[in-house]
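S.K.: Following full-length UniProt numbering, the residues of the sequence shown are numbered contiguously, the last one being 1041.
Glycine included, C-beta positions come from ideal geometry on N, C-alpha and C.
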Amino acid sequence: MPSLITPIQSPASILYSAYANITSPKERDVILGKVCSIEIYGVTKEGLSLKYTLPIQGKLSGLTTFKPLRRNSSKKKSYGLLDWLLFITEDGACCVVTYQDNSFVHFQDIGLDFEGRNLVSSGTLITVDHSRSYLAIHAYQGYVKLYKMHNRLTEELKNPASLDSSKMEPLFHSIINHNMEFLHLIDMKFVAGIEPSCLAVVTKETDNSHHFSVLSLQPNPPKLIKKSPPEQLDYECAFIIPLMIENPPGVLAVSHKSITYFNLRDLDQPESKSFPLVSSDEPFTAYTSIDESRLLLGTQSGDLYLLVLHFDSGKLTSLDLHFMGKTVPATSLLHLSSNYFFASSHFAHSILFQVDLQAKQVVPVQEIKNIAPITDVLPLTEDESSNAFILGSGGFDTGCLKKVKRGKGVDVIAEFSTGEYIQKIWHLEENILAVSTFNSTRVFKIEQDDGSVTEVGEYNSNLLQDVSSLDLGYLNSQIYQVTSSAIISLYNGNTFQRYGSTFNFAVFSGDFILACMDSAKIVVFDNSLNMVSQKEMASEVSCITGFGGKYCAVGFWNDSRVLVLQCSDLAEVCSISIGSNVLVRSLKMKIFDTSQKLYIFMGLADGNVLVYSSLSETSEFVKETNVVCGTSPVSIFDLDHSLLVISSRPSLLEIKEGIVKTTSLNTTSIVYGVPLDHSYYGNDLLVFSSKEAIKIASISNYTTVGIQEKFMNEVVFKLESMPLAPNIILASTVRREETRLVGNLKLFDSFSLEVLDEFQLRDNETAQAIISINSETIGFSGFAIGTCIENGLHDDSQAKGRIILLNLDNSTLKLQFQNELLLPGTVYDMTFSGPEFTVPTTQFLAAINDHIKAIEISRSDVEEKFSLKLMELPKEHKCTTYAVALSSYGDRVVMGDLLRGASYGTFETSTGIANVIREASGVLPTSGVELINGDEFLVGDINGTLKKVNIKDSKPKDISMVFNFASGINRLRRINQISWNFKGFELYPDSLIATVSGGLYFHASIPKPLFDKLIAIQHKISGALPALNVQPNDAQTAYER
């Protein structure tokens, strides 16, 4: 079957950043280059605000900004008002993007001709000289290419949108392709204040030493000349910093142990001086200039330093390095204004922060979330519909456990302010909204022609507008208003009013108005406002709801019961006891389309929603489930096909196939909501109030609605859950202590992310694989852990790995050591050799170095311990290199070979691993395999290639799907509890895919008719939209949603 790959979380790792006048000549923007997109943020008083997202087909390899040089008719140089954006992708494509008239103009054919070259693995180096005349690019190994801005008249560049957006006369003219003689280029920068232009470069030699040299541009004929012999640096250089002082011109070569100053007044004999550093032991990764004598430097652990330069007659004589505080491991630093800075990161969140230079203090202002790099991913089963995932994320200094909660987006289409705090809102007619504030009831009209909203001065002469309303609704096509003192018919002005009594709240149900009067009395009115029935309650009423004029449910402030009554005479149908100290704050009765049950939803004060149901009018209500919707009191609103539940976070609640499903929303501002059907805005809309504003919004696709984090300052390497205790997670972690690695096993609660227990591994031992085991046959419930012992690699007499058996005590939630199996190699992965682990099993398979071994667990008679042993098999499988991944499905097993793709076969205890077929899938090097069913498996590599292989009837088949991600695949994991309806088809994703750059994806096999529809849509979009570097999906093997 064809494949659908849909993102759960788009890659958020930031590789490049810039600060330039992209969209306005007066205000600069922050440009963030992510793995496969470019984001442009405006700088406001509140922080950074996302303005545009530009998707890229491919992985971003380099990014810079420049002001294009223009020459007018008098041949005078001038610069454009806006900066242009230049980026390069890993496949060698280079594009320029400029902004005009509220849209972007995209040029592909700009004269940069290095497609198909062997790109450098460390990324592309791009530098623009200070005169904006030259551009130097190190995009493929061994060469630096120099381009000159076209010297023709470029007056038309004032209006780039007038040119052909797909092709224009090249902006850049290639003048030099300089051979670096196979040297590894560390950094290169143009030097200010030197004519003709020259490049300062740092290279790494074959002996790993770093050397500094200067390449000068000679114009006739154009070539780069090395002006002086390369000078060896004392330490490994991180980057070059051109100094802002141009007389004399100079640069700094920065390492973690020293900073070397080069005075370039005389290029043939540059002066150098090295300044040792004693404050920092961490490699520097980024810098930004504050002014000509002050810079900020960031390290790989997130330390921030202020570098102060002291000059005498333009020459650097001394420098000081001051520790300022902690930020994030920065891939780049930007100085925005005054003491505000931005640090982008690949291994952590990127942050906007403020630096107090006097107090030497760093104050975070705003975070841009990032979950890269993902080391492992685990779907949570605590709520099947919540789409929640636990991730291992970050590096040694930024490692953490992250819980990513998925939900639906709320896209605001229009909004307007009432000037008063809103209590309630009603949709009375297609174009009429009514709003109740603290002291008034106001009416607004949605205009049919343009969707704008205007206030109606006098909607109805009988409407009381100078008081707040408890409810507005229809009985027999007539509108009634309920206030604290009266019920009024807007049709004829009839009014019910009882002096000395107060209405607390009311609801409309069928042919009745149900109201609470004087805190503890329930009264029922018909459409003539005759009191049909009344009943005094034993406790004060907290809420009431009705269903079709037949039943009503009543909750109380101080009584842990809910009464179900008949509307006509308030006769008691049943009393539902919901437990002691459980207080109901809101109620809703509803029958969903897919069920014949009548449901009662009870919103509690603690953020939970209790769900009860009844199959018939005569049966009692029984408890279905308890849904955690937040931590604050719950309000419930009917949205036709679902319920809007508002607690600390709003969510949607619905019943599908008898199962209660909740979906969080990505906003916290909803106070009161109602559905809206309107011809101008379309159907299935939501009108909600937020303080003084009325907002009209649509419910969009799934998105991230919250990230819960547990920072640990160590790498979270592997994750596994316990099927019978889904809120229990075991994680393997690794941290560095001087020259050794320290491995741990930590037991977590998935709700709070709190550590429940720990198990310390040996020195330099790390856990490479974890499987959970629940065997009724031998009475074992716990985990098996496969490890690697680093110090064992150098001594054949020592174990190089082991399998550890840990029992989980369900009463204390503690880990108990049971046994271990010492092994001569590393355990890279483990899998069960039979059906899913929800059925009894006592054996599993382990990938140990290049062999696949079977391990047996049995109960020992001694102290009721459990033992481990290697099983003797008639046939064992040996991989060509290393067996780095395993997956099984029934008796099928797939083995990932590090450098030889994957092999697959069958496993039986009596025969061992048999019928092995090596699939020449060409995936190198392999990072993961996963059997998605008995006939197909996925195999991924660290370059980001995912392939689906058909193995039906144990015969090699053609690869049925190939898909390339923008970064390496770190984890493939089979799933089976999530489903969603897409284009009328019920889809069941079979696998999770996690990438190094923070991308998280579903893979689903889809029917061919759906695939044909999606491919047609994709081709139409690709042809109609000028997306950046877009390429059609000609292979038609996978559709990316």
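According to DSSP, is ASP526 helix, strand or coil?
M.R.: As a position in the sequence shown, residue 526 is number 526, starting the count at 1. Coil, per DSSP.
S.K.: Which residues bound the beta strand (DSSP E) around ASP897?
M.R.: As a first step, residue 897 must be located in the sequence shown, where it is residue number 897. Run containing ASP897: 892-897, per the beta strand (DSSP E) assignment.
S.K.: Mind reading off the beta-carbon distance from PRO230 to HIS211? Whole number of angstroms is fine, and I expect it under 8 Å.
M.R.: Numbered from its first residue, the sequence shown carries residue 230 at position 230. Numbered from its first residue, the sequence shown carries residue 211 at position 211. Contact holds; Cβ gap of about 4 Å.
S.K.: Tell me, please, which residues DSSP counts as bridged to ALA605.
M.R.: Translated into the one-based positions of the sequence shown, residue 605 becomes position 605. DSSP output for ALA605 lists no bridge partner at all.
S.K.: Just reading off the beta strand (DSSP E) that PRO2 is part of, what are its end residues?
M.R.: One-based indexing of the sequence shown puts residue 2 at position 2. Taken as a continuous stretch (DSSP letters only), PRO2 belongs to no beta strand (DSSP E), as it is neither H nor E.
S.K.: Is SER468 near PHE496, with beta carbons less than 7 Å apart?
M.R.: Here the question's residue 468 lines up with position 468 in the sequence shown. Here the question's residue 496 lines up with position 496 in the sequence shown. Against a cut-off of 7 Å, the Cβ pair of PHE496 and SER468 comes out as no contact.
S.K.: Cβ of LEU428 within 7 Å of Cβ of ILE487?
M.R.: Counted from its first residue, the sequence shown places residue 428 at position 428. Counted from its first residue, the sequence shown places residue 487 at position 487. Not closer than 7 Å, so no.
S.K.: Return helix, strand or coil for ASP1012, following the three-state DSSP convention.
M.R.: Indexing the sequence shown from 1 puts residue 1012 at position 1012. In this structure, ASP1012 counts as helix in the three-state DSSP scheme.
S.K.: Pick out the complete alpha helix (DSSP H) segments inside the region 454-491, 4 residues or longer, and give them in chain order.
M.R.: Within the region 454-491, no complete alpha helix (DSSP H) run reaches 4 residues.
S.K.: Smallest Cα separation from MET517: which of ASP850, CYS198, MET531?
M.R.: Translated into positions along the sequence shown, residue 517 becomes position 517. It is MET531.
S.K.: Since ILE290 and HIS335 should fall inside the 8 Å C-beta cutoff, what is the C-beta to C-beta distance between them, to a whole number of angstroms?
M.R.: On the sequence shown, residue 290 is found 290 positions in, with the first residue counted as 1. On the sequence shown, residue 335 is found 335 positions in, with the first residue counted as 1. With a Cβ gap of about 6 Å, ILE290 and HIS335 count as contacting.
S.K.: Taking the straight line between their C-alpha atoms, what separation do you get for PRO1009 and GLY658?
M.R.: Start at 1 with the first residue of the sequence shown, and residue 1009 comes out as number 1009. Start at 1 with the first residue of the sequence shown, and residue 658 comes out as number 658. Distance between the alpha carbons of PRO1009 and GLY658: 29 Å.
S.K.: Looking at the structure shown, is LYS59 part of a helix, part of a strand, or coil, going by DSSP?
M.R.: By one-based count along the sequence shown, residue 59 stands at place 59. It is coil, neither helix nor strand.
S.K.: State yes or no: is the C-beta of CYS567 within less than 7 Å of the C-beta of GLY549?
M.R.: Here the question's residue 567 lines up with position 567 in the sequence shown. Here the question's residue 549 lines up with position 549 in the sequence shown. In contact: CYS567 and GLY549 (Cβ atoms closer than 7 Å).
S.K.: Could you tell me the boundaries of the beta strand (DSSP E) in which VAL634 lies?
M.R.: The residue given as residue 634 occupies position 634 in the sequence shown. That residue, VAL634, is in no beta strand (DSSP E); it is neither H nor E in DSSP.
S.K.: Would you give the residue range spanned by the beta strand (DSSP E) that HIS106 belongs to?
M.R.: Here residue 106 refers to the residue found at position 106 when the sequence shown is read from its first residue. Where HIS106 is concerned, the enclosing beta strand (DSSP E) stretches over 103-107.
S.K.: To which residues of the same chain is LYS51 closer than 6 Å at the C-beta, ignoring the five residues directly before and after it?
M.R.: As a first step, residue 51 is located in the sequence shown; it is residue number 51 there, counting from the start. Correct list, in chain order: ILE40, GLY42.
S.K.: I believe ILE544 touches VAL507 by the beta-carbon criterion, under 8 Å. Please report the beta-carbon distance rounded to the nearest angstrom.
M.R.: For the purposes of this step, residue 544 is identified with residue 544 of the sequence shown, where counting begins at 1. For the purposes of this step, residue 507 is identified with residue 507 of the sequence shown, where counting begins at 1. Their Cβ separation, rounded to whole angstroms, is 6 Å, which keeps ILE544 and VAL507 in contact under 8 Å.
S.K.: Straight-line CA distance for SER10 to GLY999?
M.R.: For the purposes of this step, residue 10 is identified with residue 10 of the sequence shown, where counting begins at 1. For the purposes of this step, residue 999 is identified with residue 999 of the sequence shown, where counting begins at 1. Going by the C-alpha atoms only, they are around 5 Å apart.
S.K.: Leaving aside the five residues before and after GLY302 along the sequence, list all residues of the same chain whose C-beta is less than 6 Å from its C-beta, in chain order.
M.R.: Here the question's residue 302 lines up with position 302 in the sequence shown. If we look at GLY302 and ignore the five residues flanking it on each side, its Cβ neighbours are LYS326, THR327, VAL328, PRO329.
S.K.: Classify VAL410 as helix, strand or coil using the three-state DSSP reduction.
M.R.: Taking the sequence shown and counting its residues from 1, the one referred to as residue 410 is at position 410. The answer is strand: DSSP assigns VAL410 an E or B state.
S.K.: Does the distance from the C-beta atom of PHE844 to that of PHE780 stay below 7 Å?
M.R.: On the sequence shown, residue 844 is found 844 positions in, with the first residue counted as 1. On the sequence shown, residue 780 is found 780 positions in, with the first residue counted as 1. It is not a contact, given that the beta carbons lie outside the stated cut-off.
S.K.: Tell me whether SER350 is buried or exposed, calling it buried when 16 or more other Cβ atoms sit within 10 Å of its Cβ.
M.R.: Taking the first residue of the sequence shown as position 1, residue 350 is located at position 350. Looking at its Cβ environment, which holds 16 or more other Cβ atoms inside 10 Å, SER350 is buried.
S.K.: Using 8 Å as the cut-off, can you tell me whether the region 309-321 makes contact with the region 331-346, which would need three or more C-beta pairs spanning the two stretches below that distance?
M.R.: No contact exists between the region 309-321 and the region 331-346.
S.K.: Could you give the residue range of the beta strand (DSSP E) that holds GLN596?
M.R.: Taking the sequence shown and counting its residues from 1, one reaches residue 596 at position 596. Segment: none, GLN596 is in no beta strand (DSSP E) and carries neither H nor E.
S.K.: Identify, in the order they occur along the chain, each residue of the same chain with its Cβ nearer than 7 Å to the Cβ of SER258, setting aside the five sequence neighbours on each side.
M.R.: In the sequence shown, the residue the question calls residue 258 occupies position 258. Cβ neighbours of SER258 beyond the five flanking positions: ASP234, TYR235, SER274, PHE275, PRO276, LEU277.
S.K.: Quick check on LYS45: does DSSP put it in helix, strand or coil?
M.R.: The residue you call residue 45 lines up with position 45 of the sequence shown. LYS45 falls in the coil class under three-state DSSP.
S.K.: Alpha carbon to alpha carbon, how far is GLU415 from SER452? Give it in angstroms, no decimals.
M.R.: Counted from its first residue, the sequence shown places residue 452 at position 452. Counted from its first residue, the sequence shown places residue 415 at position 415. Their Cα atoms are separated by approximately 9 Å.
S.K.: Considering only C-alpha positions, which residue in the set LEU307, GLY394, LEU352, LYS204 is nearest to residue 1074?
M.R.: Because the chain in this structure spans residues 1 to 1041, residue 1074 falls outside the shown range and cannot be described.
S.K.: Apart from the five residues just before and just after ASN431, which ones in its own chain have a Cβ nearer than 6 Å to its Cβ?
M.R.: Counting from one through the sequence shown, the residue named residue 431 turns up at place 431. Excluding residues within five positions, the ones whose Cβ falls inside 6 Å are LYS445, ILE446.
S.K.: Is the beta carbon of LEU815 less than 7 Å from the beta carbon of LEU806?
M.R.: What you label residue 815 is simply residue 815 of the sequence shown in a count that begins at 1. What you label residue 806 is simply residue 806 of the sequence shown in a count that begins at 1. Closer than 7 Å, so yes.
S.K.: Of all the options ILE422, ASN492, GLY786, VAL916, which has the alpha carbon lying nearest to the alpha carbon of GLY743?
M.R.: Here residue 743 refers to the residue found at position 743 of the sequence shown. Looking at the Cα atoms, GLY786 is the closest of the given residues.
S.K.: Drop a sphere of 10 angstroms on the beta-carbon of ASN220, count the other beta-carbons inside from all chains shown, and report buried for 16 or more, exposed for fewer.
M.R.: For this step, residue 220 is matched to residue 220 along the sequence shown. Label assigned to ASN220: exposed.
S.K.: Take THR926 and list the residues in its own chain whose beta-carbon comes closer than 7 Å to its own, dropping the five residues that flank it on each side.
M.R.: As a position in the sequence shown, residue 926 is number 926, starting the count at 1. Closer than 7 Å at Cβ, skipping near neighbours: VAL884, ALA885, GLY896, ASP897, LEU898, GLY901, ALA902, VAL939, ASP941.
S.K.: Residues bridged to ASP935 by DSSP?
M.R.: For the purposes of this step, residue 935 is identified with residue 935 of the sequence shown, where counting begins at 1. The partner list for ASP935 (beta bridge, DSSP) is empty, contrary to what the question assumes.
S.K.: Is it right to say ALA994 is buried, meaning 16 or more other beta carbons lie within 10 angstroms of its own, or is it exposed?
M.R.: Numbered from 1 along the sequence shown, position 994 holds the residue referred to as residue 994. The residue in question, ALA994, is buried, as its Cβ has 16 or more Cβ neighbours within 10 Å.
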